[in-house]
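Residue numbers (my numbering): 35 to 173. C-beta: ideal position from N, C-alpha, C; glycine also. Owing to the predicted nature of the structure, the values given are computational and were not obtained by experimental measurement.
Next up, the structure:
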């Protein structure tokens, strides 16, 4: 049994609080935690991949508490261009061949860097919703 959190991305829970919450999660019997490994935070410059300190701390806390992470590999990044119809408040989804190739490289590197920590991945997340691509433009 698992749960979904936003320790790293959506809500800036203080580090000591999410460590406490993960400990309580384990005590409650949850064995898996679903959390984003956002592309725009993992690849800050083209071709340069690295976990943020917050992402690393989350993986360490989950491991210390015996909770297996499930990494969501999603979100876009502005470093490979904007698309017609992109919502300004959200990172773009990959809609052309070049962006899809770059997304595949992000996935490959994220899996390589975290497979010993995670081993369970969700590829993509909610790209069918309007806020990712309001005009539904695809190339």
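Expected contact under 8 Å - CB spacing of residue 75 and residue 86 to nearest Å: 5 Å
Coarse secondary structure for residue 90, derived from DSSP in three states: Under the three-state reduction of DSSP, residue 90 is assigned to helix.
Through-space distance from residue 136 to residue 143, alpha-carbon basis: Approximately 11 Å, taken between the alpha carbons.
Integer-rounded CB distance, given that residue 93 should sit under 8 Å from residue 148: 7 Å
Integer-rounded CB distance, given that residue 111 should sit under 8 Å from residue 77: 6 Å
Neighbourhood of residue 66 by C-beta, 6 Å cutoff - its chain only, sequence neighbours within 5 removed: 36, 102 and 104
Cα-Cα separation, residue 81 to residue 41: 25 Å
The beta strand (DSSP E) enclosing residue 67, as first and last residue numbers: 66-70
Rounded separation between residue 38 and residue 132 - CA only: Roughly 31 Å separates the two Cα atoms.
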